[in-house]
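Report on the structure given below.
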DNA sequence: GTGATTACCTGACTTATGTCAGCCATCATG
DNA sequence: CATGATGGCTGACATAAGTCAGGTAATCAC
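Chains as they are written, first to last, in our numbering: chain A, 1 to 291; chain B, 1001 to 1291.
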């Protein structure tokens, strides 16, 4: 029967194949072959170096060269030698090219909007899509150091606070907690890392320092769609590396027994439990680790 | 930022595009163009009539004709006029064609197995994939009348019982419940319907009759991945239509307040609550509906 | 500087894909 | 059995996509 894992995976594959095919087909509507349209889109999305485009679209050097030439003939792009390395070339959209790129973007947005509108439960569908996308794109997750006041960081923190509010019996009010000053989580005092998966922030962690050898780990959060991928462990080891680079020798953190995954993670990754070191109302577990 | 619904949909779309592309690419490994391979696969999956293949793959009549000819030349298929209508033609795999088809199947299975093995939480990934596939394939859901002892029906019933066991405080033991005789759920006494989505059973409902004008609705179940699509309502109206066709005039059912979605569904789709009509230990709500 | 390497381009192909008009055999209808 | 419709095939094209062997200019290693 078709309820075994492989059949289910293949059913998924069939379902999305027809979606993907339909999107490709609607791209044809602008009177340009698909390959050319894809190159235009790659450039629009900021892949300007010819080598980067070739790599991304897995195109033969000769073929890409011709596609670029045809876009150039249409007046949609211009190419110029890379000032760093005059052998390489950089493609940029012209005015007309940017307009054409926006038109393709519009098609994609339109299709997405329609697909979501057809579904009575878009939030559930999107949660499932996030999970699938995070799983399939697992190897391309990057860790970016950002300002904790940036939009993406604030998004993660908002999701984190909302989750604490759901999971703590008492709810969670960030103003009652010792909210770290943002500047304590920026180099050289500290750090703030985002886990990014193809543009979507799916996790974060903060390192709050005071300039001395002692610092605190704060705000470890993984998006529900990215749980089970071993991401928290990777985020923690990444932030520990940043701490070492900042000459921090001792890390502390506090957490709550309502977050058993977190407690378990710290217990089996080299942290030892210590006495309460602050009077924050929420935490009930305290850990320390020497680097 | 990229956390709005459209961006999330498009991120998903990008993620699966590269998966789909990779599968297509691996099909090329058998030294046959993709179009030809697709035709072979369509035939292998039971689409024998030339018109059906053309329709499914959205191919031009002339192009398909040529692809069929090239498969014929390779000795992978034979074509013969349809005995019903000698204008139409039927394609069938030869021995070699069947072997080649299996090789393509093997590639797909292999890729699915590898993708699942890469993931530390395949069950969660598959649940999300089921949800997405059911949502995208929503318009192609069919309702099939089957024997309740068939493999697909038994799968649904098993899932149904397991869910009851999880949701009832007391657990659920099917042997304590008045399990309908399978023959009571087969025409002409009753009926058993499966909701099928591209080969996967995603819901069921039974009509248990005794030959008279009174019958009972049993075993309404929707797979978690297909909830929120309005499927239970469609299954119910479908089974009511079958009941009418069997000259049944009054329907009854029992359910449990641990299944509030079900209770709500019955309340707002024409059922009225009645007194207990059996001594089954599990139900605590009883409904009736005149057809 | 010399020679090797790199990044891209061009020309000359091949193959794949798609389109269209016209053909023939068959079928439905009266 | 004449008529028109249908289903598939063929020939003649056109375009898209992919491959490969040079070629040129810039860069790198020494």
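The beta carbon of each residue, even a glycine, is placed where N, CA and C say it ideally should be.
query	result
Taking the alpha helix (DSSP H) that residue 16 (chain A) falls in, what are its first and last residues?	5-27
Quick one: measure Cβ to Cβ for residue 319 (chain A) and residue 143 (chain A), integer angstroms, because I've assumed they're closer than 8 angstroms.	The question about residue 319 (chain A) has no answer, for chain A in this structure spans 1 to 291.
Are the C-beta of residue 113 (chain A) and some C-beta of chain B separated by less than 8 angstroms?	yes
Taking only three categories from DSSP, how would you classify residue 1090 (chain B)?	strand
Which residue wins for smallest C-alpha separation from residue 249 (chain A), given the options A:239, A:258, A:255?	A:239
Report yes if the C-beta distance between residue 212 (chain A) and residue 184 (chain A) is below 8 angstroms; otherwise report no.	no
What residue from A:219, A:276, A:37, A:287 has the CA that sits closest to residue 174 (chain A)'s CA?	A:219
Quick one: using the 10 Å Cβ neighbour count with 16 as the cut-off for buried, is residue 1083 (chain B) buried or exposed?	exposed
In whole angstroms, what separates the C-alpha of residue 1081 (chain B) from that of residue 1091 (chain B)?	9 angstroms
Spatial neighbours of residue 198 (chain A) within its chain, please: CB distance less than 8 angstroms, with the 5 preceding and 5 following residues excluded, ordered by chain position.	133, 137, 140
Using three-state DSSP, classify residue 249 (chain A) as helix, strand or coil.	coil
Give the residues from the region 1122-1150 of chain B that approach chain A closer than 7 angstroms (Cβ to any Cβ), ordered along the chain.	1122, 1124, 1125, 1126, 1128, 1129, 1130, 1131, 1132, 1133, 1135, 1136, 1137
Considering only residues of the region 1128-1162 of chain B, which uninterrupted beta strand (DSSP E) runs meet the minimum length of 3 residues and lie entirely inside it, listed in chain order?	1142-1145
Give the secondary structure of residue 170 (chain A) by DSSP, where H, G and I count as helix, E and B as strand, and everything else as coil.	coil
Within 10 Å of its beta-carbon, does residue 254 (chain A) have 16 or more other beta-carbons around it, so buried, or fewer, so exposed?	buried
In whole angstroms, what is the alpha-carbon distance linking residue 93 (chain A) and residue 26 (chain A)?	22 angstroms
Thinking C-beta only, is residue 200 (chain A) closer than 8 angstroms to residue 235 (chain A)?	no
Could you give the residue range of the beta strand (DSSP E) that holds residue 1192 (chain B)?	1191-1197
When you compare the CB of residue 1038 (chain B) with every CB in chain A, is at least one pair closer than 8 angstroms?	no
What in chain B is Cβ-close to residue 116 (chain A), meaning under 8 angstroms?	1005, 1006, 1009
Compare the beta carbon distance of residue 374 (chain A) and residue 223 (chain A) with 8 angstroms and say whether it is the shorter of the two.	The displayed coordinates of chain A run from 1 to 291. Any statement about residue 374 (chain A) would go beyond what the structure contains.
Could you list which residues in chain B have their beta carbon closer than 7 angstroms to that of residue 152 (chain A), in chain order?	1001
Let's see if you can read the secondary structure: which residues bound the beta strand (DSSP E) around residue 1287 (chain B)?	1285-1290
Pull the bridge partners of residue 215 (chain A) from the DSSP assignment, please.	A:209, A:251
Fully enclosed by the region 68-114 of chain A, which beta strand (DSSP E) runs are 3 residues long or longer?	77-81, 89-93
Between residue 155 (chain A) and chain B, is there a C-beta pair that is closer than 8 angstroms?	yes
Could you tell me how far apart the beta carbons of residue 1112 (chain B) and residue 6 (chain A) are, in whole angstroms, since I believe they sit closer than 8 angstroms?	5 angstroms
Could you give the DSSP three-state label for residue 1231 (chain B): helix, strand or coil?	helix
Which residue wins for smallest C-alpha separation from residue 1165 (chain B), given the options B:1279, B:1256, B:1146?	B:1256
Using alpha carbons as the reference points, say which of A:85, A:3, A:145 lies closest to residue 242 (chain A).	A:145
At the level of alpha carbons, what is the spacing between residue 1274 (chain B) and residue 1247 (chain B)?	22 angstroms
Counting only Cβ-Cβ distances shorter than 9 angstroms, please list the residues of the region 1225-1244 of chain B near chain A, keeping chain order.	1225, 1227, 1228, 1229, 1230
With a 10 Å radius around its C-beta and 16 neighbouring C-beta atoms as the bar for buried, classify residue 272 (chain A) as buried or exposed.	exposed
State yes or no: is the beta carbon of residue 76 (chain A) nearer than 8 angstroms to at least one beta carbon in chain B?	no
Using a C-beta cutoff of 8 angstroms, does residue 17 (chain A) count as contacting chain B?	yes
Are three or more beta carbon pairs between the region 1036-1048 of chain B and the region 33-45 of chain A nearer than 8 angstroms?	no
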